[in-house]
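Protein chains in written order, with the working numbering: chain X, 19 to 462; chain B, 77 to 483. Glycine included, C-beta positions come from ideal geometry on N, C-alpha and C. Predicted, not measured: the structure shown is a model, and the values here were computed from it. Inspection log for the structure reproduced underneath, given as structure tokens.
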Amino acid sequence: MKFLKQHLYIIAGLLLITACKPEIKTPKPTHGSVDFSRYISIGNSLTAGYSNGGLYLQGQQNSYPSIIAQQMQSVGGGVFNQPLFSSAQANGSGYVQITGFNADGTPIITPVTTNLAVRGQYTVPGFGNVILYTKFSGDIENYGVPGLKLEQITYAPLGNLNGFYERLLPNDAPTNNTPYLAFVTAKPFTFFSNWLGNNDALLYAVSGGAGDVLTDETLFAQLDNYLISTLTAKNANGVSPKGVVATVPDVTSIPYFNTVTVGAIVAGVQKQAPSVKGIYINALVSGTTYAPRLATASDLIVLTFPTSMVGKPVNTPYGPLPYGLTPVTPIDNQYVLDVNEVALVREHVLSYNSTIKSVAAANGLAVFDAYTFLNNVQKYGLMEDGIGFNSAFVTGGIFSLDGVHLTPRGYAIVANEFIKAINAKYGSNIPLANIAGYTGLLFP
Amino acid sequence: MRKLLLLLWLALPVCTFSQGFQVNLEGEKQIGMGHTGTGTLLDGASVFFNPGAVAMLPENYIQGGISPLLFKSDFNPSGTSAQYYTADKVATPFTFYGVWGPKAARWKLGLGVYTPFGGLVDWGNNWQGKYVLESLDLKAIYFQPTLSVKITDFLSIGAGFVYNMGSVDLTQGIPLTNQAGQSGQAELKGNGKGYGWNAGIYIKIASGVTVGITHRSQVTTTISNGNAIFNVPLSMQGYFPQPNTFNASIPLPATNSIGIGIYPSKKWTLAFDLNVVSWDVYKALEFDYGKTTPVLQNSISARNYKAAASLRAGAQYKYSDTFALRFGGGYASTAVADGYVTPEAPDANRVFVTGGIGYKLANHLNLDASFEFEHLMPRTQTNIQSQLSGTFETNVYIPGISLSYHW
């Protein structure tokens, strides 16, 4: 009996200790003035979870809308379905990965071409080839479609021209005629995020101003107004869905334009040929007139420019001349976003953003100012939970190997910025995601 | 051409040692009385509490004790409802004291071996701050030979030399992910040593009140050629050469104390202590690696600690010749300024209560047991360096037991 008593004291003591475990009081979860029960996300590749030059399962699983939706669970969030690739076709469209480093510290980047979800190819006369992917037929809450522009949201044939959109529609190209906006609003929803507009400027920029056109600023404003008024229209229950929108980042703040520089190319050439003063580009003069001139540090070279081309002989009417080193053989327009093109892109992005912000304000929506946020990251870097981030290619931690889209950690950072904007606007307290719980680039 | 040099991974192992590392568990009798003892004379633990008092001890002592310590910390990241806890790991600070002198002599020799600084936290590799710290096991064991001399019947002085054997084992995540999705890890593991001294005066005032004043010097502990182990993706190993070593130096701060003992009756002893710890010497922490690369650079991180103080009070009630009850408590201010709180020692102002019993097992043999509970106030902080933002709250549970033989 005495023995038991002694043990009882020990047990009681242990219970006391366990009961005294510190517990920090946290605010009660609240959804504020919003119903998060069906959240849908509207946007382009960034919204879809595109990463490392492709859309694939792992990227989709770390898309910022899926992170937001996970965090919404504690404040009344509902099921969030994504058009995921199957595990057998997990590599989706294919992507690129780092397989090693060269002696000079540059990464060796290799495409992944197995376990793809490609089902075929479809040729559109006068447009080109559209790669078709394995259809997805389940419920969808993440409507991110790579390549989508705001300009295209009411364009009925889009489902035959964009393979990632075609994948979500029931019919095979060329028989689709559901405009994107009609598709995403077919089922009622209570909350939305919209991050469209990047491609209206970005596709022009990444093609060096050669392969695409900037969406007209007035048309952008009209379509953004139409999009937001459609999304916030009263649903069957007489309630207007609430939402959050994001601005378009300064396309020149991404590593795609800041990794390969004019200075580095010139320095590389001068190692072989010290007399070379600079490289020639075909630059925008005004309107659609282009003329060759020496490149300056304000001209941006795209990440995908094969620098080994510089100096290779090119046949010209004046005989073979070295590529990029004479006015006759300037670097092709598609590799260069020259200073005038940069100005043009900037002007459009600023106009798009002022539209996005004023339309959001008029409709009482939350705004994540991605433009300001990413510019600040570029200028000052970012420190989160002991992880240092910046806008550099490979080492920066935010951008993936395509220099445009993000790593899982980058998407988690973006998700948290969206969450902060939503909480500030609507009085909710969606918990922030744990950035340290997401991975950066994967290294062999 | 994708010409890039992997110049700067911003997040390098920049590790830190800091405050909550002072361990105040240097004698079970004293712990029971709120860890007072500068101005009282209870047993051989005076070697630590006041070397000046040792010569006044009526007997010789050999004693040893242990105080298993559970430091339970909770972290709630800002803007979330998540709670991360440190694992249940028990540190084992111990004490050993020997005091000897001829009965008639005015002097006594003493030796103390004790653990004045240490820390054991294990947050695991799955928490929000894993790139700041995963785990830390830090120990400083002091060896202190002491000489104490009774100058008059009411005044004695004493001094000791301190040799410190320190050890550290620290792990931290590196935010480089391999293709299996696993993070890298840095482990810094090494032993160090340092030297110092301490001295004290003990006075019996006519009214029966006793007063003690002590100084324990700073002990700068230097770790040289510790092991720096980096586990990173294969392709990154060139930037984290192995094997590698590190050097670091940690100032374990000086402490000034004043204490008094009051004896209202034969049965009661009351004690009060004031300690001032010169943590302000801890300005920065520097790690120098044996081999550096453009990615792995020597690191300096600001600490900018401030001096801290603690107020302690305790009492002993001698129930009988064989049985004593003790209780006490106190308050200690934090040494860590706002913006510098880290998960190694999530320090904050703290309160503590203690209790203890003393039991005479045999004529020359005493058993003492103590229990201490400390509560570190919740502290919401954003660390300037890591930007880890959230609230820390900590409870510490410390049972203790010691045996002393005296003659």
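When the Cα atoms are used, what is the spatial distance from N452 of chain X to E41 of chain X? Rounded to the nearest whole angstrom, the CA to CA distance from N452 of chain X to E41 of chain X is 19 angstroms.
Could you tell me the boundaries of the alpha helix (DSSP H) in which L441 of chain B lies? For L441 of chain B, there is no enclosing alpha helix (DSSP H); the residue is part of the beta strand (DSSP E) that begins and ends at 441–458.
Below-9 angstroms beta-carbon distance, Q261 of chain B vs any chain X residue: For Q261 of chain B, the answer is no, since every Cβ of chain X falls outside 9 angstroms of its Cβ.
Output the residue ranges of the beta strand (DSSP E) runs that lie fully inside the region 299–384 of chain X and measure 3 residues or longer, sorted by chain position. Those beta strand (DSSP E) runs which fall completely within the region 299–384 of chain X and span 3+ residues are 307–312.
Contiguous beta strand (DSSP E) assignments of at least 3 residues, all confined to the region 320–389 of chain B: Here the runs fully enclosed are 320–328, 331–338, 344–353, 360–365, 375–378.
Burial state of N459 of chain B (16 or more Cβ within 10 Å): Buried: at least 16 other Cβ atoms inside 10 Å.
Output yes or no for whether 9 angstroms exceeds the beta carbon distance between A304 of chain B and P127 of chain B. Going by C-beta atoms, A304 of chain B is not nearer than 9 angstroms to P127 of chain B.
Exposure of S341 of chain B, with buried meaning 16 or more beta-carbon neighbours within 10 Å: Around the beta-carbon of S341 of chain B, fewer than 16 other beta-carbon atoms lie within 10 Å, marking it exposed.
Got a sec: is the Cβ-Cβ distance from G270 of chain B to anything in chain X below 9 angstroms? False, the Cβ-Cβ gap to chain X never drops below 9 angstroms.
Does G476 of chain B pass the burial test, meaning 16 or more other C-beta atoms within 10 Å, or should it be called exposed? Label assigned to G476 of chain B: buried.
Using a Cβ-Cβ cut-off of 9 angstroms, state whether G415 of chain B counts as contacting chain X. Between G415 of chain B and chain X, the shortest Cβ-Cβ separation is not below 9 angstroms.
Grab me the residues of L146 of chain B's own chain with a C-beta within less than 6 angstroms of its C-beta, minus the 5 sequence neighbours each way, in chain order. Here L146 of chain B has V166, Y473 as same chain residues with Cβ atoms under 6 angstroms from its own Cβ, once five neighbours each way along the sequence are excluded.
Taking the alpha-carbon of T128 of chain X as reference, which of X:G118, X:K330, X:R137 has the nearest alpha-carbon? Among X:G118, X:K330, X:R137, the Cα nearest to that of T128 of chain X is on X:G118.
Whole alpha helix (DSSP H) runs in the region 78–137 of chain X with 4 or more residues, listed along the chain? Under the rule that a run must span 4 or more residues, the alpha helix (DSSP H) segments found entirely inside the region 78–137 of chain X read 82–90.
What separation, rounded to the nearest whole angstrom, lies between the Cα atoms of Q463 of chain B and I338 of chain B? Roughly 48 angstroms between the two C-alpha positions.
Thinking V189 of chain B and I217 of chain B are a contact (beta carbons under 8 angstroms), I'd like their distance in whole angstroms, please. Rounded to the nearest angstrom, the Cβ distance from V189 of chain B to I217 of chain B is 7 angstroms, consistent with a contact under 8 angstroms.
Is the distance from the Cβ of V224 of chain X to the Cβ of A66 of chain X below 9 angstroms? Contact: no.
First through last residue of the alpha helix (DSSP H) which encompasses P273 of chain X: Following the DSSP letters along the chain, one finds P273 of chain X inside the alpha helix (DSSP H) bounded by residues 273–276.
Go through its chain and collect everything with a Cβ distance to H111 of chain B's Cβ below 6 angstroms, but skip five positions before and after it. Answer for H111 of chain B: N100, R388, listed in chain order.
Assign Q95 of chain B to buried or exposed, taking buried as 16 or more other Cβ atoms, counted over all protein chains shown, within 10 Å of its Cβ. Residue placement at Q95 of chain B is flagged as unreliable, the pLDDT there being 38, under the threshold of 50; a coordinate-derived value is accordingly withheld.
Helix, strand or coil for F411 of chain X per DSSP? In the structure shown, F411 of chain X adopts coil according to DSSP, grouped into three states.
Considering only C-alpha positions, which residue in the set X:Y336, X:Y456, X:L355, X:Y308 is nearest to L318 of chain X? Among X:Y336, X:Y456, X:L355, X:Y308, the Cα nearest to that of L318 of chain X is on X:L355.
For V7 of chain X, name the three-state secondary structure that DSSP assigns. Beyond the ends of chain X as shown, which are 19 and 462, falls residue 7 of chain X; an answer cannot be given.
Tell me which residues of the region 296–314 of chain B have at least one Cβ-Cβ distance to chain X shorter than 7 angstroms, keeping chain order. So the list reads P309, L310, S311, M312, given in the order they occur along the chain.
Interface positions of the region 147–165 of chain B facing chain X (Cβ-Cβ less than 9 angstroms), listed along the chain: Using a CB distance below 9 angstroms, the part of the region 147–165 of chain B facing chain X consists of K148, S149, D150, F151, N152, P153, S154, G155, T156, S157, A158, Q159, Y161, ordered along the chain.
Just checking my contact of T277 of chain X with F411 of chain X at CB under 8 angstroms: how many whole Å lie between their CB atoms? Right, the Cβ-Cβ distance comes to about 4 angstroms (below 8 angstroms), so this counts as a contact.
Using the Cβ count rule (16 or more neighbours within 10 Å means buried), how would you classify T191 of chain B? Burial state of T191 of chain B is buried, judged by a 10 Å Cβ sphere holding 16 or more other Cβ atoms.
Need the endpoints of the beta strand (DSSP E) that G215 of chain X sits in, please. Unbroken run through G215 of chain X: none, as it is neither H nor E.
Residue from B:P454, B:A400, B:P422 whose Cα sits closest to the Cα of N442 of chain B: Ranking B:P454, B:A400, B:P422 by Cα distance to N442 of chain B puts B:A400 first.
Own chain partners of V328 of chain X with C-beta closer than 8 angstroms, once the 5 adjacent residues on each side are dropped: Correct list, in chain order: I283, G286, V287, I297, P340, Y341, G342, L343, I349.
DSSP on T222 of chain B, reduced to helix/strand/coil? Reduced to three states, the DSSP call for T222 of chain B is strand.
Is T44 of chain X close to chain B? Criterion is C-beta to C-beta, closer than 9 angstroms. Yes, contact with chain B.
For H423 of chain X and S104 of chain X, the rounded distance between their alpha carbons: Cα to Cα, the separation comes out at about 22 angstroms.
The beta strand (DSSP E) that contains E469 of chain B, what's its start and end? In the DSSP assignment, E469 of chain B falls within the unbroken beta strand (DSSP E) covering 465–482.
In the DSSP assignment, find the beta strand (DSSP E) that holds N254 of chain B and state where it starts and stops. N254 of chain B: member of the beta strand (DSSP E) spanning 231–254, first to last residue.
C-alpha gap between Y444 of chain X and S311 of chain B, whole angstroms: When the Cα atoms are used, Y444 of chain X and S311 of chain B turn out to be separated by approximately 46 angstroms.
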